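The structure appears right after this line, and notes come after that.
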Amino acid sequence: MKDYELTVLVHPDFESDLEKVLDKVRSLITANGGEIAKEDNWGKKKLAYAIKGQDFAIYAAMDVKLPAAAPLKISNTLNITDEVLRYLLVKAEARPVVESEEK
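If you want it as structure tokens, here you go:
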């Protein structure tokens with residue numbers, strides 16, 4: 001399984017049902033054999049430009065581990081999900097370990 005970063009922009013009309021929408025995304029990940037390592041809700045933010053006629057969106061970010069076939073299946077499902085304005089699913093790069101220099 002490889003590490004991925006998933007960022008989802010949820011339609012602002014679903015702010016009251018946000019947990020329900022995120023549960024849908026979580027179940028989509030686990031149904032395709034993935035694991036959620038970390039989840040972070042960034043809240044409602046103004047978009048740089050309108051997406052599907054919306055100026056605001058609710059940002060949610062997840063660090064996930066997915067098997068090889070899962071990213072395509074997840075992408076296809078998120079493309080047709082009404083609650084999701086936009087998403088970004090990318091391979092996570094290994095973060096370098098920063099060692100402090102001793103003087």
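In terms of my numbering, the sequence shown opens at residue 1 and continues consecutively.
Note that CB positions come from ideal geometry on N, CA and C, so glycine has one too.
Note that the structure is predicted; figures quoted are calculated from it, not measured.
#### Entry: Inter-residue Cα distance where the pair is residue 40 and residue 58
Residue 40 sits at position 40 when you count from the first residue of the sequence shown. Residue 58 sits at position 58 when you count from the first residue of the sequence shown. So the alpha carbons of these two residues sit roughly 11 Å apart.
### Query
Closest to residue 79 by CA distance: which of 20, 46 and 28 is it?
For the purposes of this step, residue 79 is taken as the residue at position 79 of the sequence shown. Of the listed residues, the one whose Cα sits closest to residue 79 is 28.
### Task
Could you name each continuous alpha helix (DSSP H) segment of 4 residues or more that falls completely within the stretch 37–102, going from the start of the chain to the end?
70–79
### Message
Given a cut-off of 8 Å on the beta-carbon distance, is the pair residue 5 and residue 92 in contact?
### Response
As a first step, residue 5 is located in the sequence shown; it is residue number 5 there, counting from the start. As a first step, residue 92 is located in the sequence shown; it is residue number 92 there, counting from the start. Yes. Within cutoff.
### Message
Assuming residue 1 and residue 72 are in contact, meaning their beta carbons sit under 8 Å apart, how far apart are those beta carbons, in whole angstroms?
### Response
Numbered from its first residue, the sequence shown carries residue 1 at position 1. Numbered from its first residue, the sequence shown carries residue 72 at position 72. Contact flag wrong, Cβ pair sits at about 15 Å.
### Message
So, with DSSP's three-state summary, where would you put residue 23?
### Response
To locate residue 23, count along the sequence shown from 1; it is residue 23. It is helical.
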